[in-house]
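Reviewing the structure listed below.
Numbering (our numbering), first residue to last: 583 to 779.
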């Protein structure tokens, strides 16, 4: 399935600063996830990374192997300027379609990427995540627990997510997120899943 929200779509959003989802900082739930991660030598992927506020926080927290991935070359060029001090020192920044990306990661952090994809691509997202994770690799982050008119973002429910992910992942945690920013409080699920097989 072709993504209707392609590189041109996202380049236009970033070039015109139409990024209403952007918090301007590491989201509290992702900060909580990062702070609880003990191993710093794991390979991490942030797909659809956006402005990647998490990147500097991860690297300053001691993580040594981080890949940022986004389809927008406008954004990636800005990230390379903003994060120039880190690139090559544990950080890779890649402009590529997530569905074409190849790699092997211990951990993938999900924050507003899944909800940016057309819902018709969700099964493909799950399959690609499964392929990108090493055996016993984990997918963790935040998903919206509500529906939206139009989109992106596109929402969903816990039941939908469980049905979608359970064939490929063991769900270790999926519950209401108590550390969401105020506008999202009560509308997000924090989750952690382990790759099956």
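Backbone N, C-alpha and C fix where the C-beta goes; we use that ideal spot for every residue, glycine too.
Counting only runs of 4 or more residues that sit fully inside the segment 650–678, the alpha helix (DSSP H) segments are 655–664, in chain order. One Cα belongs to residue 715, the other to residue 762, and the distance between them is close to 26 Å. With a cutoff of 8 Å on beta-carbon distance, residue 628 and residue 637 are scored as near each other. Residue 773 carries a strand assignment under DSSP once its states are collapsed to helix, strand and coil. The residues 680 and 681, in chain order, have a CB closer than 7 Å to that of residue 710 in the same chain once the five nearest residues on each side in sequence are set aside. One Cα belongs to residue 726, the other to residue 672, and the distance between them is close to 30 Å. Using a Cβ distance threshold of 8 Å, residue 689 and residue 722 count as a contacting pair. Per the coordinates, the alpha-carbon of residue 646 lies some 15 Å from the alpha-carbon of residue 691. Taking 8 Å as the cut-off, the beta carbon of residue 626 is found closer than this to the beta carbon of residue 640. Looking only at 706, 685 and 766, the smallest Cα-Cα distance to residue 610 is reached by 766. Counting only residues of its own chain and dropping the five nearest sequence neighbours on each side, residue 695 has a CB closer than 7 Å to the CB of 629 and 630.
DSSP links residue 766 through a beta bridge to no other residue.
Inside the segment 673–729, DSSP marks whole alpha helix (DSSP H) runs of 4 or more residues at positions 704–714, from first to last along the chain. Listed in chain order, the non-local C-beta contacts of residue 718 below 7 Å within the same chain comprise 776 and 777, local neighbours out to five positions each way being set aside. Membership of residue 734 in any beta strand (DSSP E) is not indicated, and neither H nor E is assigned to it by DSSP. Counting along the chain, residue 629 sits inside the beta strand (DSSP E) bounded by residues 626–629.
Bridge partners of residue 755 according to DSSP: 774.
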